[in-house]
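Peer 1:
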Amino acid sequence: MSPDETPPPALPPDSAAARVVLFDFDGVLMHGDAFALFARERYARSLGCKLMALLSAPGLILLLPFSRNWPLRLLARIALLGMSEHTYQRRAEAFAGLLVRRPRQFCRDGIRALRQHQAAGDRVIVVTGCEHHLVSSMLAQLGLTGIEIVASQLRPSWIGMRLRRHNVGARKVQSLAQYGVTAWQLAYSDSLQDAPMLKPAGEAVLVNGTPRLCKKVEKALGRAVTRVEWW
């Protein structure tokens, strides 16, 4: 972990005996990418963001053949320019409210499964690349309480909010270890990128996976996965 990164909160002391169940968020509990939708809304409402993106277009085009991640990170950084921590949190909460009220934005089957795990006494952790305050606001406004969250984090800077920790891929397993979780019995995801999180699970569940994706995930894990279709 780099010096400017803050580890997630400490492990709750009374939850060690519960069965641990991990849920990805985007594509599992929600249809689409929540932070990408937040950034898109920011661009739609801000002329400054549009102009900055236009000025950055030559660099974005040059980077695109080498990596899709860097252009996306640059666009996300532009969307956060000029925001204080308080302003970002306020806008994230308001946008979470918009998404929660949007029809069919969230996966009813995924939310039902999460509630069933809670009712069974399982320890449910949402492990996501979405930003922490945004995802926690959505879960709260959906009425989902008692859920632990291990997510991406932002930090304030003199030019606005910036990425502190991007919780994706193998970083999810690292974040869980820092959180105090080193074993889990069940993990839900919709992405090959989550193979590092799915592999240690007693049961790996792939949500809405195409046959091609299922084959790739099973090859990466070296075993079969459970497949579910959620809407």
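The numbering of the sequence shown is numbering that gives the first Met the number 0, which starts it at 0 and goes up by one.
No residue lacks a Cβ here, since even glycine has one placed at the ideal position from N, Cα and C.
Under three-state DSSP, which class holds residue 129?
Peer 2: Looking at residue 129 - three-state DSSP - the assignment turns out to be strand.
Peer 1: Considering only DSSP beta bridges, list what residue 135 is partnered with.
Peer 2: Residue 135 is not bridged to any residue.
Peer 1: Let me check one thing: in DSSP terms, what residues is residue 178 bridge-paired to?
Peer 2: Looking at the DSSP assignment, residue 178 forms no beta bridge with any residue, so it has no partner.
Peer 1: Less than 8 Å between the C-beta atoms of residue 133 and residue 146, yes or no?
Peer 2: For residue 133 and residue 146, no; Cβs fall outside 8 Å.
Peer 1: Based on Cα-Cα distance, which residue from 70, 50, 49, 47 lies nearest to residue 58?
Peer 2: That would be 70, whose Cα lies nearest to the Cα of residue 58.
Peer 1: Check residue 226 in the structure and name its three-state DSSP category.
Peer 2: DSSP places residue 226 in strand when its eight states are reduced to three.
Peer 1: With C-beta atoms as the reference, is residue 27 less than 8 Å away from residue 184?
Peer 2: Not closer than 8 Å, so no.
Peer 1: For residue 119, which three-state DSSP category applies?
Peer 2: In the structure shown, residue 119 sits in coil (DSSP, three-state: anything other than H, G, I, E or B).
Peer 1: Figure out for me which residue from 210, 122, 60 has the closest Cα to the Cα of residue 17.
Peer 2: Ranking the options by Cα distance to residue 17, first place goes to 122.
Peer 1: Alpha carbons only, please: which of 41, 106, 96 is nearest the one belonging to residue 77?
Peer 2: Out of 41, 106, 96, 41 has the C-alpha closest to the C-alpha of residue 77.
Peer 1: Could you tell me whether the Cβ atoms of residue 98 and residue 169 are closer together than 8 Å?
Peer 2: Taking 8 Å as the Cβ cut-off, residue 98 and residue 169 do not qualify as a contacting pair.
Peer 1: Quick one: Cα of residue 3 to Cα of residue 163, how far?
Peer 2: For residue 3, the predicted model reports a pLDDT of 44, less than 50, meaning its position is unreliable; a value from the coordinates is still stated below. Each residue's alpha carbon lies about 7 Å from the other.
Peer 1: From residue 105 to residue 210, what does the alpha carbon distance come to, in whole angstroms?
Peer 2: Cα to Cα, the separation comes out at about 23 Å.
Peer 1: For residue 55, which of helix, strand or coil comes out of DSSP?
Peer 2: Residue 55 falls in the helix class under three-state DSSP.
Peer 1: List in chain order: all unbroken beta strand (DSSP E) runs of 3+ residues lying wholly within the stretch 151 to 203.
Peer 2: Complete beta strand (DSSP E) runs here, min 3: 159 to 164, 185 to 188.
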